[in-house]
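In terms of the working numbering, the sequence shown opens at residue 1 and continues consecutively. Glycine included, C-beta positions come from ideal geometry on N, C-alpha and C. Okay, structure first, notes after.
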Amino acid sequence: MNVPLDKEVLLIPPKVNVSLRGGVEKLAQISSNDIKVNIEFGRIESDTLGFVIPEYIIPEETTLLKTEPQKLQYIIKNKQ
Numbered sequence: 001m002n003v004p005l006d007k008e009v010l011l012i013p014p015k016v017n018v019s020l021r022g023g024v025e026k027l028a029q030i031s032s033n034d035i036k037v038n039i040e041f042g043r044i045e046s047d048t049l050g051f052v053i054p055e056y057i058i059p060e061e062t063t064l065l066k067t068e069p070q071k072l073q074y075i076i077k078n079k080q
């Protein structure tokens with residue numbers, strides 16, 4: 001989120017697996033579009049470890065059980 005126009009961020013890996021807990025009917029209605037994974041560019045810029053932990057926004061009435069991987073590496077590139 002909020003990546004400057006002159007930059008590009010590549011996340012490694014580019015996908016995460018998310019496990020949720022909730023009622024059967026609620027889980028049956030959820031699609032991958034209902035789960036948001038965010039990383040603020042400012043957190044990447046200020047990072048000193050080489051990885052970041054994303055923020056997950058999940059549907060109401062569900063609980064986040066597990067994410068794989070838990071940390072994401074990144075590459076910041078200048079756009080040309």
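Do P54 and P13 have their C-beta atoms within less than 8 Å of each other?
no
Nearest by alpha-carbon distance to S32: which of E60, N17, S46 is it?
N17
Assuming V52 and I58 make a contact with CB atoms under 8 Å, what is their CB distance in whole Å?
The pair is not a contact, with the Cβ atoms about 18 Å apart (cut-off 8 Å).
Determine the extent of the beta strand (DSSP E) in which E55 is found, giving its start and end residues.
55-57
By Cβ distance below 6 Å, which residues in the same chain neighbour K71 in space, the five residues on each side in sequence not counted?
F51, I53
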